[in-house]
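**Student:**
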Amino acid sequence: METRNIFENLSCIDHRYSISEKAVFDGLSQYISEQASIRSCAKCEAALVKAHLKVRGQLTDELAKKLDDVASAIDPEEVYAEEEKTKHNIRALVNVMKTKVDSKIGPLIHLGATSVDILDTALSCRMRDVTKNVVLPELKKLENYLCDIAERESATPQVGRTHGQHAVPITFGWEIAEFVARLGKSILKIEELSDDLVGKLAGPVGSYNGPSMIVKDPEELERIYTEFLGLKPSEYSNQLVEAEHVLRLLLEMNVAFGIIANLADDLRNLQRSEIGEVFEYFAATQVGSSTMPQKRNPWNSEHVKSLWKAMCPRVITFYMDQISEHQRDLSNSASQRFITDYIAGFTMAVSRMNSVVKGLQADRDNMAKNLESAGGKVKGGVLAEPAYILLGEAGYNDGHEIIRQITLEAEKSGKTFFEVLKTHEKEYADITTQLEKLGVENPANFFEHPANYCGLAAKKSARLAKKYRELMK
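FYI, the UniProt record's numbering numbers position 237 of the sequence shown as 237, with every residue one higher than the one before it.
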């Protein structure tokens, strides 16, 4: 077979990323390369022959193995050479397979099938197998790394951020627990949808015209055919399997991709020089900038987001492939082939995110420093919320305004929020009383450190980490 220098390939997936994400690329190649695509169609043709033989009571273990061996060894180059003559990919495959089996079996190859009985069923097989054997293991690895961080940093205080501004305190574990919960649910959905893929053997318009000329019960033949491939038959088919089965799986992958891109963006921002709360692993030989030797850019997180930007818009094409005129047209023939690029880009982004999260470290000192100084122009101003809530609990109708004035006073004087709050003796005493009722330890100094106000962040972070680690098993 002709080989090509990888640097002569057109797609960056086949050179740049095949090197940087080699293990993932090799895994994907087993299921969604062009060779894998042709051989999956050959396996479907073999399954059809086995179904015919089983219905006739003529299938033996030896015959079944020989058919499977023929399908697994089909040479894509031979099929492509035949397609140059036939101008039809499936007919080319059928012609090649007929030369590989006994002449008594040859007539059964493709008997009663239309091209898409093979193509759509093979696509379902590939999508199921690549999802279960490559995509899901990478996703579950990422989920477990996130669970580790959420648990490890469950009680590490961090300033919360909304609208890019300091908000009430959280913990770093809680920051990560968001992605544990979001991604975890998406992973479970992807797994469920990969089990819902179906095949067909229903002929050119889906009404079993051809199979009805061969067997008395065409649906039973279809069930046997798809059973050999580990699938169930589609409830309804025209020439195509209902597009929604594959579409829903791809859409849920895109949901997961968006969650991962969101994580990458947050981690990238937390690595900003003026924030510096986390940092990616940086090798001793690694270079951050071609001109500024001191730099350590969060390039891996940026890389993940960049892959998402390239792949996410392809969802529009997936939706467009939903539409086929009447029982079938050929308008999805070329566009559907690019599903491979999407699966590859998505899985490589997950793999890259794994390398980020696996080596991710929290700078706890910087988190504590940022939290202590949080609140804009008012140090400790992020504790304005609990102060006003406690005044409300104490019966103050204007608690919000009282605390707002205190923050303005602190801003003007340059004092901390706690220092100014204590000078409002009645309000401070009433707030302290409410804290005592709640059983808060050392209530008089609660407002001295923002880390005292983290709610259920630590508890829920640990709980979510435990839950999703168990679910990933």
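Every residue gets a Cβ at the ideal spot worked out from N, C-alpha and C, and that includes glycine. Nothing here was measured: the structure is a model prediction, and the numbers come from that model.
#1: Let's see if you can read the secondary structure: which residues bound the alpha helix (DSSP H) around residue 160?
#2: Count the other C-beta atoms from every protein chain shown that fall within 10 angstroms of the C-beta of residue 107, then say buried if there are 16 or more, exposed otherwise.
#3: Can you look up residue 392 in the DSSP assignment and give me helix, strand or coil?
#4: With burial defined as no fewer than 16 other Cβ atoms inside 10 Å of the residue's Cβ, what is the status of residue 423: buried or exposed?
#5: Whole angstroms are fine: how far does the CA of residue 33 sit from the CA of residue 131?
#6: Using alpha carbons as the reference points, say which of 392, 223 and 251 lies closest to residue 231.
#7: What residue range does the beta strand (DSSP E) around residue 121 cover?
#8: Let's see if you can read the secondary structure: which residues bound the alpha helix (DSSP H) around residue 30?
#9: Are the CB atoms of residue 362 and residue 178 nearer to each other than 9 Å?
#10: My parser needs the alpha helix (DSSP H) runs of 4 or more residues fully inside the stretch 151-219; what are they?
#11: Taking Cβ to Cβ, would you say residue 49 is nearer than 9 Å to residue 101?
#12: Should residue 331 go down as buried or exposed, given a rule of 16 or more other Cβ atoms within 10 Å for buried?
#13: Is it a yes or a no for the stretch 433-443 touching the stretch 121-131, going by three-plus beta-carbon pairs under 8 Å?
#14: Using beta-carbon positions only, say whether residue 114 and residue 204 come within less than 9 Å of one another.
#15: If you reduce the DSSP assignment to three classes, tell me which class residue 443 lands in.
#16: According to the neighbour-count rule (16 or more other Cβ atoms, all chains shown, within 10 Å of its Cβ), is residue 12 buried or exposed?
#17: In the DSSP assignment, what residue or residues form a beta bridge with residue 237?
#18: When you compare each of 149, 197, 156 and 80 to residue 176 by their alpha carbons, which one comes out closest?
#19: Against chain C, with Cβ distances strictly below 9 Å, would residue 344 count as a contact?
#20: So for residue 368, helix, strand or coil by DSSP?
#21: Using only the alpha-carbon positions, how far apart do residue 116 and residue 303 sit?
#22: Are the CB atoms of residue 252 and residue 193 within a distance shorter than 9 Å?
#23: I need the DSSP call for residue 232, collapsed to helix, strand or coil.
**Tutor:** Once the coordinates are examined:
#1: Counting along the chain, residue 160 falls outside any alpha helix (DSSP H), though it belongs to the beta strand (DSSP E) covering 157-162.
#2: exposed
#3: helix
#4: exposed
#5: 14 Å
#6: 223
#7: Note, residue 121: premise wrong, no beta strand (DSSP E); alpha helix (DSSP H) at 115-130.
#8: 22-32
#9: no
#10: 172-194
#11: yes
#12: exposed
#13: no
#14: yes
#15: helix
#16: exposed
#17: 241
#18: 149
#19: Here chain C cannot be found, since the structure has a single protein chain.
#20: helix
#21: 37 Å
#22: yes
#23: strand
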